[in-house]
């Protein structure tokens, strides 16, 4: 796709992913298109000095590590794009991987009474909201993955949309990250100017999505 085709891109289509590794901090800049295809347009890395296997050891060094890797990636992007060809090039959405050491899991359920008529997206959202209201002390919910649903006695439903019944129950796998670690990472990201709050993902889940197909 030519650079002049990018004038159709919205501000939310430019993303920057940050992999917080204990040996390297890696940054990848990419464009996400409406058809869910992705184009990598920048990449940077820096040897990690602000983290080790136990966690963050120096905020100043971690900020510097992220800044070096991000600027390296951004400089590559700026060779081919500007604000005319890539709107909000200096205002990306940020996705950050969270190492497994700071992750915990929970399987939870939530249910809601159904109104007359077929099940709607709103009904599914209400059931998921109830399930996701569970709080774990000192942890934040970063990912919620619906496993299946149940409509009345009909269990193991993959997609309840347009079904009818009296009660909808959702079964969700939830991923939580340690709040203190996330707060420190948010502070370390001050080197990246953006109006968007960073979004976090478990590093193992990110790897699985990148390497496995839907069946796997």
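In this note's numbering, the protein residues as written are 2 to 217.
Even glycine gets a Cβ: it sits at the ideal position worked out from N, Cα and C.
Among the options, whose alpha-carbon lies nearest the alpha-carbon of residue i?
i, options, result
"residue 14", "112, 39, 162", "39"
"residue 44", "67, 172, 75", "75"
"residue 117", "36, 184, 166", "166"
"residue 152", "68, 120, 206, 108", "120"
"residue 185", "58, 111, 124", "58"
"residue 20", "172, 187, 99, 32", "99"
"residue 65", "196, 23, 192, 168", "192"
"residue 112", "102, 126, 105", "126"
"residue 92", "123, 171, 162, 30", "30"
"residue 55", "23, 157, 90", "23"
"residue 123", "60, 161, 53, 41", "161"
"residue 68", "159, 46, 130", "46"
"residue 198", "94, 154, 109", "94"
"residue 169", "136, 140, 129", "129"
"residue 41", "133, 28, 84", "28"
"residue 109", "73, 158, 171", "171"
"residue 188", "81, 195, 60, 114", "60"
"residue 138", "155, 114, 104", "104"
"residue 51", "35, 156, 26", "26"
"residue 194", "89, 62, 48", "89"
What are the residues that DSSP puts in a beta bridge with residue i?
i, result
"residue 147", "173"
"residue 48", "25"
"residue 16", "31, 94"
"residue 206", "According to DSSP, residue 206 bridges with nothing at all."
"residue 141", "178"
"residue 152", "155, 169"
If you follow the beta strand (DSSP E) that residue i is part of, which residue opens it and which one closes it?
i, result
"residue 38", "Element bounds for residue 38: n/a, residue is neither H nor E."
"residue 156", "155-158"
"residue 200", "200-203"
Alpha helix (DSSP H) containing residue i: first to last residue?
i, result
"residue 181", "180-189"
Examine chain C for any beta-carbon lying closer than 9 angstroms to the beta-carbon of residue i, and answer yes or no.
i, result
"residue 84", "Included in the structure is just one protein chain, with no chain C present."
Whole runs of the alpha helix (DSSP H) within the stretch 51-124, excluding any shorter than 4 residues: 60-79
Kindly confirm or deny that the stretch 140-150 and the stretch 171-181 touch, where touching means at least three C-beta pairs closer than 8 angstroms. yes
Does the stretch 199-207 touch the stretch 89-99, meaning 3 or more C-beta pairs lie closer than 8 angstroms? yes
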